[in-house]
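In this note's numbering, the protein residues as written are 20 to 190.
Ideal placement from N, C-alpha and C gives every residue a C-beta, glycine not left out.
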């Protein structure tokens with residue numbers, strides 16, 4: 020398969036899978052429940068969903084000449100939002116509605132990322148590995164669901180910008 024066709028298929032697939040994970044959380048988050056397993060599952064989906072939404076843009080911008088190179092490029096990034104931001108760069112991040120600065124915050128055994136939009140809104144994303152395997156889940160408050168829904172809406176806004184950018188024949 021030609022690399023251009025593969026990149027087109029993969030960028031669309033990554034974007035749609037990521038969007039579906041975020042939409043699932045948005046549609047099925049139970050506002051009356053703040054139990055740890057439900058919230059942990061939601062945060063896992065949010066982290067993974069946003070990661071592959073951003074990786075769809077990495078695929079679109081990639082200069083890989085074959086599938087192996089493209090796969091290695093994505094593997095090198097891993098589940099690391101800081102690496103993702105470095106690969107995308109300031110200009111591209113601004114183009115998709117994000118600021119280049121990303122803050123990694125520790126919380127007990129967890130790390131999470133605070134991502135700012137160009138409209139000065141914050142998205143808190145759990146570190147994918149920490150949220151899956153960490154010990155003590157961060158304390159939540161009664162507004163946790165509202166925060167998650169707010170983050171989901173912001174991520175979906177970013178995904179729309181990526182979807183439009185990915186349609187560009189240059190990407």
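In three-state terms, what does DSSP make of residue i?
{"i": "residue 125", "result": "strand"}
{"i": "residue 117", "result": "strand"}
{"i": "residue 21", "result": "coil"}
{"i": "residue 34", "result": "helix"}
{"i": "residue 150", "result": "helix"}
{"i": "residue 3", "result": "Because residue 3 is not part of the residues shown, which for the chain are 20 to 190, the question remains open."}
{"i": "residue 101", "result": "helix"}
{"i": "residue 28", "result": "helix"}
{"i": "residue 40", "result": "helix"}
Report the option in the options whose CA atom is closest to the CA atom of residue i.
{"i": "residue 147", "options": "76, 64 and 109", "result": "64"}
{"i": "residue 131", "options": "101, 30, 144 and 165", "result": "144"}
{"i": "residue 33", "options": "55, 82 and 90", "result": "90"}
{"i": "residue 151", "options": "45, 31 and 57", "result": "57"}
{"i": "residue 122", "options": "113, 100 and 109", "result": "100"}
{"i": "residue 38", "options": "60, 68, 22 and 108", "result": "68"}
{"i": "residue 59", "options": "140, 73, 142 and 44", "result": "44"}
{"i": "residue 25", "options": "49, 82 and 48", "result": "82"}
{"i": "residue 40", "options": "185, 172, 184 and 180", "result": "172"}
{"i": "residue 136", "options": "183, 105, 166 and 170", "result": "170"}
{"i": "residue 141", "options": "118, 162 and 22", "result": "118"}
{"i": "residue 20", "options": "71, 113, 85 and 165", "result": "85"}
{"i": "residue 73", "options": "62, 54, 61 and 105", "result": "105"}
{"i": "residue 175", "options": "109, 42, 120 and 27", "result": "42"}
{"i": "residue 50", "options": "186, 182, 165 and 97", "result": "165"}
{"i": "residue 179", "options": "114, 149 and 78", "result": "114"}
{"i": "residue 27", "options": "80, 54, 111 and 61", "result": "80"}
{"i": "residue 61", "options": "183, 184, 168 and 185", "result": "168"}
{"i": "residue 36", "options": "70, 23, 55 and 48", "result": "70"}
{"i": "residue 111", "options": "31, 29, 22 and 183", "result": "183"}
Taking the continuous alpha helix (DSSP H) assigned at residue i, which residues delimit it?
{"i": "residue 61", "result": "55-80"}
{"i": "residue 178", "result": "163-186"}
{"i": "residue 89", "result": "86-96"}
For residue i, which beta-bridge partners are listed by DSSP?
{"i": "residue 132", "result": "123 and 144"}
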